[in-house]
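See below for the structure under consideration.
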Amino acid sequence: MEYYLQVKQLHMFCAYLSAGLFIGRLLLDMVGKPGWRQTPARYLPHINDSLLLTLAFTLLAIGPWQPFVHQWLGFKILLLIGYILFGIGALKQSLSLSLRAACVAMALAHLSGIFYLARFKPLLFV
């Protein structure tokens, strides 16, 4: 527990950065500048998300939270899986524009849910 606060703060920073990078890539695609896909910067989200996941596992190891005991955390993990899948669809150029737009909306809804659960840690099923 000695390093819990520092790990949590770094995890939060990486989460905000991950959301910003996702939204930034979406905006670049929307304005017709998909050139980011050919630059080394395309790897930055993957590096950040790997660090984010590592920090999440570290928080589980050193902190008081358990995904099957604390319902908000288990649900957050399910939302994360949905966010990843819809995020892949949102950035996939081979999909139709309308399907990509639906994936964007779902990915952002999942992301909002993740941040809500992380912030408020509500009791979901009493």
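Mapping to the working numbering: the sequence shown position 2 is 73, numbers consecutive.
Don't be surprised by glycine CBs; every beta carbon is placed ideally from N, CA and C.
message: Which residue wins for smallest C-alpha separation from Leu170, given the options Phe157, His181, Leu179 and Leu182?
response: Phe157
task: Taking Phe93 as the reference, give the member of Ala173, Leu149 and Leu182 with the closest Cα.
output: Leu182
query: Who are the near neighbours of Pro138 in its chain, counting only those whose CB is closer than 7 Å to its CB and skipping five residues on each side?
result: Leu144, Gly145 and Ile148
field: 8 Å Cβ cutoff met for His82 and Leu126
entry: yes
message: Less than 8 Å between the C-beta atoms of Leu166 and Gly160, yes or no?
response: yes
field: Given His141 as reference, the closest of Gln80, Leu98, Ala86 and Ala189 once Cα atoms are compared
entry: Ala189
message: Please state the DSSP three-state secondary structure of Gln137.
response: coil
message: Tell me which residues share the same chain as Pro105 and place their Cβ nearer than 8 Å to its Cβ, disregarding the 5 neighbours each side in the sequence.
response: Leu99 and Gln164
- request: Measure the alpha-carbon distance for Gly103 versus Ala86 and round it to whole angstroms.
  value: 26 Å
- prompt: Just to confirm, are Thr129 and Val78 a CB contact at a threshold of 8 Å?
  reply: yes
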